[in-house]
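What follows is a single structure, written as structure tokens, with notes after it.
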Amino acid sequence: PAVEYGLEAPFSVDYHDSVGSTNDRARELATDGASDVAVLADEQTGGRGRLEREWSSPAGGVWLSIVSRPVIAPARAPLYTLAASVATARAAREAGVDARIKWPNDVVVPVDDDGSYRKLAGILTEMEGETDRIEWLVVGIGVNANIDDSELPPEATSVRAEAGDVDRRAFVQRVLEEFDRYRNDLEAVVPAWRDLALTLGQRVRVDRPSGEIVGEAVDVTDSGALVVDTGEEQVTVAAGDCEHLR
Ligand code: BT5
Numbered sequence: 027p028a029v030e031y032g033l034e035a036p037f038s039v040d041y042h043d044s045v046g047s048t049n050d051r052a053r054e055l056a057t058d059g060a061s062d063v064a065v066l067a068d069e070q071t072g073g074r075g076r077l078e079r080e081w082s083s084p085a086g087g088v089w090l091s092i093v094s095r096p097v098i099a100p101a102r103a104p105l106y107t108l109a110a111s112v113a114t115a116r117a118a119r120e121a122g123v124d125a126r127i128k129w130p131n132d133v134v135v136p137v138d139d140d141g142s143y144r145k146l147a148g149i150l151t152e153m154e155g156e157t158d159r160i161e162w163l164v165v166g167i168g169v170n171a172n173i174d175d176s177e178l179p180p181e182a183t184s185v186r187a188e189a190g191d192v193d194r195r196a197f198v199q200r201v202l203e204e205f206d207r208y209r210n211d212l213e214a215v216v217p218a219w220r221d222l223a224l225t226l227g228q229r230v231r232v233d234r235p236s237g238e239i240v241g242e243a244v245d246v247t248d249s250g251a252l253v254v255d256t257g258e259e260q261v262t263v264a265a266g267d268c269e270h271l272r
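Using the working numbering, the first residue of the sequence shown is number 27, and each one after it goes up by one.
Below, the structure is given as structure tokens:
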């Protein structure tokens, strides 16, 4: 294999030199009953973002999908996604990158102090279950690790560009340790997220299923929803796409 993933974290590893999407592989394993598996690939040929968007996944990245079977109310599932962004941002910071979080869960590096940024990592959570119970949950984490800028979209950055190449085995170990810690202590997720947030205090445009709003991002709730002050009212947004305005 291109990477030796002998991990001590409480996850078994399913490694591929090349795979379509680690989330798809993780969903198969989850459907077969697996739990606490970390699916990893050196390269993805069909990496996916949210809303059918494409995720560039050349060799040298950390393309990781974690299968878990959390015993929590489905309404708390967003905390798992926030936990993954906190874990990823922390591992990147330890690698020397000034990683911050853009709501809800993009890991970004500020370019200026005006809220502009380049994207280092993204998270895609998928799950199956009923209204009162989660059957399985897959958290996909894509980190531009040891990749040249020329292989990434223009608005992206990498650990290589920011701080030099990272030992991917050690990096993944740290992501999994932090993710495990926060999934076992969901109360600690939002405070940790707040400490890393780039979005709070920014003027934002948020695209929600029910329409677009513009205002200042003033807080996140205990369940990870963004609170936007439009000047007229405070609107709480559970899910959507957020853009920092300048
Ligand atoms: C995300 O989507 O940010 C979630 C990305 C999740 C990727 C991981 S990799 C492991 C697992 N397996 C998968 O197949 N997926 C997960 P979204 O917020 O929709 O952002 C997608 C947008 O980011 C694209 O439309 C591009 O503009 C941009 N983009 C694409 N590839 C990128 C990259 N490598 N780095 C930074 N930005 C990228």
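The C-beta atom is built at its ideal place from N, Cα and C for all residues, glycine as well. Bear in mind that the values here come from a model prediction, so they are computed numbers and not experimental data.
With 16 as the cutoff for other CB atoms within 10 Å, does residue i come out buried or exposed?
i, result
"residue 228", "buried"
"residue 272", "exposed"
"residue 148", "buried"
"residue 273", "One cannot answer for residue 273 here, as it falls past the ends of the chain, which runs 27 to 272."
"residue 53", "buried"
"residue 132", "buried"
"residue 30", "exposed"
"residue 200", "buried"
"residue 113", "buried"
"residue 259", "exposed"
Between residue i and the ligand ADP, is there a pair consisting of the residue's CB and a ligand heavy atom that are separated by less than 7 Å?
i, result
"residue 179", "You won't find the ligand ADP in this model; what it holds is the ligand BT5."
Strictly by DSSP, which residues pair up with residue i?
i, result
"residue 162", "154"
"residue 243", "254"
"residue 147", "133 and 169"
"residue 269", "231"
"residue 41", "66"
"residue 261", "254"
"residue 126", "134"
Take every Cβ of the stretch 228 to 247, pair it with every Cβ of the stretch 98 to 106, and state whether three or more of those distances are shorter than 8 Å.
no
May I ask you to verify whether the stretch 65 to 81 touches the stretch 129 to 142, counting CB pairs closer than 8 Å and requiring at least 3?
no
Whether or not the stretch 121 to 135 and the stretch 216 to 233 are in contact is what I'm after, with contact meaning three or more pairs of Cβ atoms, one per stretch, closer than 8 Å; do they touch?
yes
Counting Cβ pairs closer than 8 Å, one from the stretch 203 to 217 and one from the stretch 168 to 183, do we hit at least three?
no
Could you pull out every unbroken beta strand (DSSP E) segment of at least 3 residues lying fully inside the stretch 176 to 241, listed in chain order?
Entirely contained in the stretch 176 to 241, the beta strand (DSSP E) runs reaching 3 residues are, in chain order, 229 to 234.
Within the stretch 55 to 106, note down every full beta strand (DSSP E) run reaching 3 residues or more, in order along the chain.
Entirely contained in the stretch 55 to 106, the beta strand (DSSP E) runs reaching 3 residues are, in chain order, 63 to 70 and 88 to 94.
Are the stretch 79 to 93 and the stretch 213 to 222 touching, with three or more C-beta to C-beta distances below 8 Å?
no
Touching by the beta-carbon criterion (3+ pairs, under 8 Å), the stretch 29 to 47 and the stretch 61 to 68
yes
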